[in-house]
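Sequential numbering of the sequence shown, starting at 7, is according to our numbering. Using N, Cα and C, we set each Cβ at its ideal position, and we do this for glycine too. Report on the following structure.
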Amino acid sequence: MRIDVFTLFPEAFAWFERQVHVSRARDHGVELNLWNYRDTTPLRHCQVDDTPYGGGAGMVLRIDVVWAALEAAFDCPPDRLAATRRIVELTPRGRQLDDALAAELAGGDLCVLCGRYEGIDERVAHLVSDRVSVGPYVLAGGELAAQVLLDAVVRKIEGAVSNPESVAGDSFSPDLGGALEYPHYTRPAEFRGWEVPAVLLSGDHGAVERWRRERLGDGERREQS
Ligand code: ADE
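Below is the structure:
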C-alpha cells in the first residue's frame, strides 16, 4: 500500500511518523510519502496560493499548484489518478470521517490533499474521489485532520497494531456493532477510595464478559465505586 500526503508543512507529520503503529505499517510494506506543494510549484518565488475571485478574506491554494505536485509524484495524469487510488481532499465541507470510511480507505493506495487558509480552489473536485471532514469545526489547515484520518486508517492495516484483537474490538468496529467499547481498569485496585468494580477482580470470566457486554455503548456513564 502506498500513502501520499500533500501539504505545505511536511514537518508537521514528524511526530506522526515516529508512532509505533506507523513504523510497524512501514515494516509491513506500507510506503508513506510526504510532498510539499512548494517544491513543485510552477510559480515564481515559491508561490502556492492566491486571493479569492470575487473578493473576501484569506488565500486559496491554487489548482495549478496542486496539479503540478500530483504530476511530479505520480506516473499518471492527475485527472486520471482517481481511477488508481482514493484521493482525499480534507475540508470541513466533506463527508464526516467514521470507522467505516477509515476501513474503506485502508483498502488500497491513498492520496491525501491538505488545504490551508481558505482551502483549495474548488476545481480540485476534478481530481479527487472523496472530500472528508474530521468533524463539524474549522481547523487552521488540513495537517491535523490528515493525521487524525491517517491514524485511524493505519490502525486498520494488517500488522500495524501488534494485537489484531485490539483493533477488531475497538469502539465503533463492526465486531461491536458500531458501539463504544466497555471501560478499562488497571492497578491499583483502590485509589483514594475509588474502587475497581469487584466483578473484574472476581476471576469469574463469565461474569466479567456479562459486565462488559452490559456496558457496551455506555460512553456517557460514569462508574461509581
Ligand atoms: N480543514 C479545516 N477544517 C477541517 C475539518 N474540520 N476537517 C477536515 N479538514 C479541515
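Taking 6 Å as the cut-off, the C-beta of V144 counts as close to a heavy atom of the ligand ADE. Nearest to V71 by alpha-carbon distance, out of D157, R161, V202 and V130, is V130. A residue is called buried once 16 or more other Cβ atoms fall within 10 Å of its Cβ, and C117 is buried on that count.
Scanning the stretch 140–177 from its first residue to its last, the whole alpha helix (DSSP H) runs of 4-plus residues come out as 148–161 and 170–174. Between T97 and G121, the beta carbon gap of about 6 Å places them in contact (Cβ cut-off 8 Å).
For the pair T47 and A78, the CB atoms are not nearer than the 7 Å cut-off.
Closest in C-alpha terms to P16, from the list D33, L38 and R91, comes L38.
Residue environment for R86: exposed (fewer than 16 other C-beta atoms within 10 angstroms of its C-beta).
Here L40 is near F19, since their CB atoms are less than 7 Å apart. With the rule of 3 Cβ pairs closer than 8 Å, the stretch 175–189 counts as touching the stretch 218–225. No heavy atom of the ligand ADE is found nearer than 6 Å to the CB of L107. Under the rule that a run must span 3 or more residues, the beta strand (DSSP E) segments found entirely inside the stretch 30–64 read 37–42. At least one heavy atom of the ligand ADE lies less than 6 Å from the C-beta of P98. With a threshold of 6 Å, the Cβ atom of V118 does not count as near the ligand ADE, since no heavy atom of the ligand is closer than that.
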